[in-house]
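Taking UniProt numbering, the leading residue of the sequence shown gets 1, the next gets one more, and so forth. Here a beta-carbon is modelled for each residue, glycine too, at the ideal position from N, C-alpha and C. Small disclaimer: the values here were computed from a predicted structure and weren't measured.
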Amino acid sequence: MSEDLLLFEPEDDTSPLGERSFWNILIVDDDAGVHTFTKLALHDFSYESKGINFISVYSAAEAQEYMEKNSDIAVILLDVVMETDSSGLDLVNVIRHKLFNNLTRIIIRTGQAGKAPERYVIDHYDISDYREKTELTADKLYTTIRTALSQYHQLAELLIKKNEIYNTLITDNLTHTGNRTKLNFDLNTENSKSLVLFNIDSFSMINDVYGFDVGDQLLMQFKNLLVKITDPKWEVYRLESDIFAMLCSSDESLQLLEEISRVKEIIASHYFLIFDSEYRINVTVSIVQNETINLIQKAEIALHEARNLGRNRIQVYSENLNILKQVEKNTQWTKWIKEALDNNRIIAYFQPIVECKTDKVVKYETLVRLEKDGVVHSPCDFLPTARYAGLLYQITKAMFLQACIHFEKNELRFSVNITDQDLVESDFINYIEDTREKYSISPSRISFEILEESSILNDPTAQKHLHKLTELGYGLALDDFGVQCSNFAQIGDLSLESIKIDGIYIKDIIENSSSRIVTDTILYFTKKIGVTTIAEFVHSEEVYNTIKEMGVDYAQGYFLGKPQAQLLNE
Numbered sequence: 001m002s003e004d005l006l007l008f009e010p011e012d013d014t015s016p017l018g019e020r021s022f023w024n025i026l027i028v029d030d031d032a033g034v035h036t037f038t039k040l041a042l043h044d045f046s047y048e049s050k051g052i053n054f055i056s057v058y059s060a061a062e063a064q065e066y067m068e069k070n071s072d073i074a075v076i077l078l079d080v081v082m083e084t085d086s087s088g089l090d091l092v093n094v095i096r097h098k099l100f101n102n103l104t105r106i107i108i109r110t111g112q113a114g115k116a117p118e119r120y121v122i123d124h125y126d127i128s129d130y131r132e133k134t135e136l137t138a139d140k141l142y143t144t145i146r147t148a149l150s151q152y153h154q155l156a157e158l159l160i161k162k163n164e165i166y167n168t169l170i171t172d173n174l175t176h177t178g179n180r181t182k183l184n185f186d187l188n189t190e191n192s193k194s195l196v197l198f199n200i201d202s203f204s205m206i207n208d209v210y211g212f213d214v215g216d217q218l219l220m221q222f223k224n225l226l227v228k229i230t231d232p233k234w235e236v237y238r239l240e241s242d243i244f245a246m247l248c249s250s251d252e253s254l255q256l257l258e259e260i261s262r263v264k265e266i267i268a269s270h271y272f273l274i275f276d277s278e279y280r281i282n283v284t285v286s287i288v289q290n291e292t293i294n295l296i297q298k299a300e301i302a303l304h305e306a307r308n309l310g311r312n313r314i315q316v317y318s319e320n321l322n323i324l325k326q327v328e329k330n331t332q333w334t335k336w337i338k339e340a341l342d343n344n345r346i347i348a349y350f351q352p353i354v355e356c357k358t359d360k361v362v363k364y365e366t367l368v369r370l371e372k373d374g375v376v377h378s379p380c381d382f383l384p385t386a387r388y389a390g391l392l393y394q395i396t397k398a399m400f401l402q403a404c405i406h407f408e409k410n411e412l413r414f415s416v417n418i419t420d421q422d423l424v425e426s427d428f429i430n431y432i433e434d435t436r437e438k439y440s441i442s443p444s445r446i447s448f449e450i451l452e453e454s455s456i457l458n459d460p461t462a463q464k465h466l467h468k469l470t471e472l473g474y475g476l477a478l479d480d481f482g483v484q485c486s487n488f489a490q491i492g493d494l495s496l497e498s499i500k501i502d503g504i505y506i507k508d509i510i511e512n513s514s515s516r517i518v519t520d521t522i523l524y525f526t527k528k529i530g531v532t533t534i535a536e537f538v539h540s541e542e543v544y545n546t547i548k549e550m551g552v553d554y555a556q557g558y559f560l561g562k563p564q565a566q567l568l569n570e
């Protein structure tokens with residue numbers, strides 16, 4: 001740990017400018033006469049209404065022993081030649097570099113200047129002044145001590161300010177426990193430790209329903225309860241919002257899982273009395289045991305795993321957590337997606353869409369695939385990762401470009417899927433228009449399929465781009481209708497040309513009466529607003545005939561044609 005950190009972080013709560021009515025001055029000299037002269041010369045000295053308390057030692061070894069036990073020395077008057085010719089200078093190094101005391105002012109006072117030349121000593125040792133004993137009269141000694149005490153006083157005040165800043169830096173304002181910064185400092189050792197995280201379940205709902213005052217009171221009472229029911233040697237921290245941490249050394253964590261299970265049960269049964277109302281909570285807990293590095297990261301990973309499994313549970317960190325496997329998978333897929341984008345291996349497949357009245361293919365949906373090592377991967381393998389990695393827009397641009405190249409050769413209509421990430425890109429409209437014009441394709445031949453997501457329906461930029469597309473003559477289709485928002489009022493504002501009925505209702509429409517009822521409802525709604533319908537997942541002739549009888553306008557699915565790199569009859 002660096003000296004600067006030790007200066008910034010106090011070893012104890014004792015202020016260097018405490019309530020003492022004197023300044024401690026340590027005289028280190030093997031000549032008793034020097035001690036006597038110094039005390040006589042300064043017997044009536046006062047600075048900042050404080051006198052002097054002299055401590056006399058007669059060797060560097062004795063001085064070192066004293067300094068190891070006392071850090072409140074303002075000034076040291078130090079001889080150089082004592083046990084050895086360099087005893088005093090060696091002591092300076094010990095004080096500064098072993099005891100990490102940068103505050104005490106050190107004045108070299110030597111009777112043998114030849115043993116320690118002034119310029120050399122000033123250049124190589126952290127001292128405040130250098131004096132030869134023969135020149136140090138009572139008046140000069142007075143001036144020297146006053147100057148040194150002034151320096152000490154200013155440095156001490158600076159240290160106090162630094163410590164105040166440090167305490168602010170490491171303390172949570174609400175609960176007055178250590179915060180994440182403090183925990184990081186405390187983990188900055190090579191010793192094995194154990195870390196526990198507590199996450200209050202549904203805390204945001206408590207804030208939303210009962211208000212932030214109740215939430216704050218709950219956090220403070222929760223901290224107090226943790227301190228009360230856990231080992232006093234365990235340090236409690238508040239990392240953020242409703243996440244608390246406890247740190248213990250490895251020798252205190254032999255039965256940690258059992259102990260935390262007990263703590264969790266107490267929390268679950270505890271009534272928090274806040275403003276005359278009682279509240280009970282559950283917590284999700286993660287444990288990292290006997291680790292030396294990345295404890296916070298590992299504990300947060302385990303906490304995430306616990307949340308994914310359903311909250312209100314304890315999860316011990318291990319290298320076999322599902323979330324770690326998913327992270328590894330996402331990392332690999334992100335690399336593969338970027339490589340595929342760079343090497344034109346994000347490829348377009350086309351699935352026919354049939355008009356139910358004529359049984360003829362009237363358009364195609366453009367579907368994305370990723371080719372790697374001769375294997376063609378479906379979007380479910382890589383699109384979730386692409387979303388997290390912010391790569392969806394690049395994929396959409398690749399799909400639109402390939403679709404334009406492909407359909408330049410005919411007059412068929414085609415659709416391309418777009419996402420919420422695409423619709424918030426500032427150059428989205430320009431890219432679509434520039435690419436379409438390059439291949440001389442009319443906007444009336446192109447439709448964009450959007451997912452029924454609240455992020456699209458409520459985002460002003462997305463709405464602006466959707467309206468611009470319809471103004472330019474492009475069609476809009478709402479994909480997977482019936483499984484997400486199903487906000488009929490908002491859908492009416494989108495100027496849709498078609499709605500795609502989600503395949504979850506179509507694939508079992510013959511056996512499942514509920515699916516038929518939902519489909520009938522969607523058909524009734526779309527006919528009222530003048531929007532055509534497309535049924536997905538049409539996997540058999542029986543399903544196809546059924547949806548035709550029900551009044552669906554268009555259909556797509558494996559019965560009518562699988563996605564392929566080429567169009568039918570091409």
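In the displayed model, residue 245 falls within a strand according to three-state DSSP. Per DSSP, the unbroken alpha helix (DSSP H) holding residue 265 starts and ends at 256 to 269. Looking from the CA of residue 434, the closest CA among 417, 472 and 463 belongs to 472. Per the Cβ contact rule, the stretch 136 to 148 is not in contact with the stretch 178 to 193 (fewer than 3 Cβ pairs under 8 Å).
For residue 56, the uninterrupted beta strand (DSSP E) segment begins and ends at 51 to 57.
In the three-state scheme derived from DSSP, where H, G and I count as helix and E and B as strand, residue 352 is classed as strand. Per DSSP, reduced to three states, the secondary structure at residue 446 is strand. In terms of Cβ geometry, residue 322 and residue 305 form a close pair [threshold 9 Å].
Here the stretch 458 to 466 does not lie against the stretch 384 to 404, with fewer than 3 beta-carbon pairs under 8 Å apart. Taking every protein chain shown into account, the CB of residue 248 has 16 or more other CB atoms within 10 angstroms, so this residue is buried.
Excluding five sequence positions before and after residue 217, the CB atoms of its chain that fall closer than 6 Å to its own CB belong to 274, given in chain order. Counting along the chain, residue 478 sits inside the beta strand (DSSP E) bounded by residues 475 to 481. If you draw a straight line from the Cα of residue 520 to the Cα of residue 501, it comes to about 10 Å. When the five nearest sequence neighbours on each side are left out, no beta carbon in the same chain lies closer than 7 Å to the beta carbon of residue 134. The residue among 448, 354 and 47 with its C-alpha nearest the C-alpha of residue 548 is 354.
Residue 503 is a Cβ neighbour of residue 537, given a cutoff of 9 Å. Sixteen is the threshold: since fewer than 16 other Cβ atoms of the shown chains lie within 10 Å of the Cβ of residue 205, the residue is exposed. In the structure shown, the three-state DSSP call for residue 23 is strand. Exposed is the label assigned to residue 426, since fewer than 16 other Cβ atoms lie within 10 Å of its Cβ. Annotation for residue 542: 510 place their beta carbon closer than 8 Å to its own, counting only its chain and skipping 5 residues before and after. Contact check for residue 506 against residue 478 fails: the beta carbons are separated by 9 Å or more.
Per DSSP, the continuous alpha helix (DSSP H) segment holding residue 436 begins and ends at 428 to 438.
With a contact defined as Cβ atoms closer than 8 Å, residue 552 and residue 356 qualify at about 6 Å.
Below 8 Å, too few C-beta pairs join the stretch 263 to 271 and the stretch 207 to 217 to call them touching: fewer than three. Excluding residues up to 5 positions away in sequence, 287 lie with their Cβ nearer than 6 Å to the Cβ of residue 316 in the same chain. The beta carbon of residue 136 sits closer than 8 Å to those of 109 and 144, all from its chain and outside the five residues before and after it, given in chain order. Runs of the beta strand (DSSP E) lying entirely within the stretch 92 to 124 and spanning at least 3 residues, in chain order: 105 to 110. The beta carbon of residue 340 sits closer than 8 Å to the beta carbons of 346, 370, 371 and 372 from its chain, once the five residues preceding and following it are set aside; these are given in chain order.
Going by DSSP, residue 496 is part of no beta strand (DSSP E) at all; its letter is neither H nor E. By the neighbour-count criterion, in which 16 or more other beta carbons inside 10 Å mark a residue as buried, residue 183 falls on the buried side. For residue 129, the enclosing beta strand (DSSP E) starts and ends at 129 to 132. Excluding five sequence positions before and after residue 198, the CB atoms of its chain that fall closer than 6 Å to its own CB belong to 244, 283 and 285, given in chain order. The Cβ atoms of residue 361 and residue 412 lie closer than 9 Å to each other.
Rounded to the nearest whole angstrom, the CA to CA distance from residue 554 to residue 569 is 20 Å. For residue 556, the secondary structure class from DSSP, reduced to helix, strand or coil, is coil. Contact between residue 176 and residue 225 is absent: CB atoms are separated by about 15 Å, not below the 8 Å threshold.
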